[in-house]
């Protein structure tokens, strides 16, 4: 066997083996691609199935959604309402402290005696009639029982309501300031205490206060 | 003699090549069979799940997933409310004196 025959054989074997390897490698790659595409198709089938199931159980899913989101909204709104109430109450608590300061004379920004007279006139006017019983806290009772002050109040009442008004100052009662006025028969009563006025103010302008505080 | 030998080798190599081609075809064919099984299995499973869902069975996982998803949305909603509440609280604190003045004036002048 000469050298050239051996070389021809070797080249032939080499070419065929190379071709074989290429064929098998190409088949493996094709198979891999086919399987990948199949995996994708299977995934799509599963996904489409899941979508159909979601459609089938839509009402259950909506119920879950409504329940959880509904609860979150209610809870959130409740917190906002609580915060609003706290802010408004804080405003009224601070205002009450200011009014106590005014009633005790620590705060002279308001003439308390003038204010007290006005509270009595306002209460008597609202009740109507000519005979009234007035009660206040200990400090204000002492003030109202002083001869000069009592005369001043009576004159103001006579002038405002007309006629000869009879006003009796009763024993002191527990309150921060202001007065409680009733008619002689006790059938009508007007709470013109500081607390009572604050309550009425709150009922009347709570929305406005919320607006001022930025919590409306 | 040598020519015969080369021819013999050539024939054996041709066989080798033919076998390789067959083997390659088999690989691809096996892949196709696997694909058919895979897709068919996915279809059967999907259809079975749909049928069970129609009967209200085997849907716990879907409901649980939805619940988890919606819980996250709810957290966001609550966070927004918390933020709104904090902002309003700060504003209320800044404007407190203004509100107190208004209340005191109303109580005195009512």
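Protein chains in written order, with my numbering: chain A, 1 to 216; chain B, 1001 to 1110.
We treat Cβ as the ideally placed atom computed from N, Cα and C, and that holds for glycine.
These figures come from a predicted structure and were not determined experimentally.
The beta-carbon of residue 117 of chain A is placed no less than 8 Å from the nearest beta-carbon of chain B. With fewer than 16 neighbouring CB atoms inside 10 Å of its own CB, residue 171 of chain A falls in the exposed class. A contact is defined here as three or more CB-CB pairs under 8 Å, and the segment 1088–1104 of chain B fails this definition with respect to the segment 1005–1012 of chain B.
The beta-carbon of residue 1050 of chain B is placed less than 8 Å from the nearest beta-carbon of chain A. Taking 8 Å as the cut-off between beta carbons, the residues of the segment 183–200 of chain A near chain B are 194, 197, 198 and 200, in sequence order. Under DSSP, residue 132 of chain A forms a beta bridge with A:167 and A:183.
Only exposed fits residue 55 of chain A, as fewer than 16 other CB atoms lie within 10 angstroms of its CB. At a cut-off of 8 Å between beta carbons, residue 80 of chain A contacts chain B. Closest option to residue 183 of chain A, judged by alpha-carbon separation, among A:24, A:195 and A:169: A:169.
Assignment of alpha helix (DSSP H) within the segment 73–145 of chain A, counting only whole runs of 4 or more residues, yields 112–127 and 138–145 in chain order.
What residue 1088 of chain B touches in chain A, judged by beta-carbon distance under 7 Å, is 83, 214 and 215, going in chain order. DSSP places residue 2 of chain A outside both helix and strand once states are collapsed to three, so it counts as coil.
DSSP lists A:182 as the bridge partner or partners of residue 189 of chain A.
For residue 155 of chain A, the closest C-alpha among the options A:121, A:11 and A:92 is that of A:121. In the structure shown, residue 59 of chain A adopts helical secondary structure according to DSSP, grouped into three states. Residue 1057 of chain B is outside the set of residues whose beta carbon lies under 8 Å from a beta carbon in chain A. Per the coordinates, the alpha-carbon of residue 1085 of chain B lies some 14 Å from the alpha-carbon of residue 1076 of chain B.
Under the three-state reduction of DSSP output, residue 1011 of chain B falls in the helix class.
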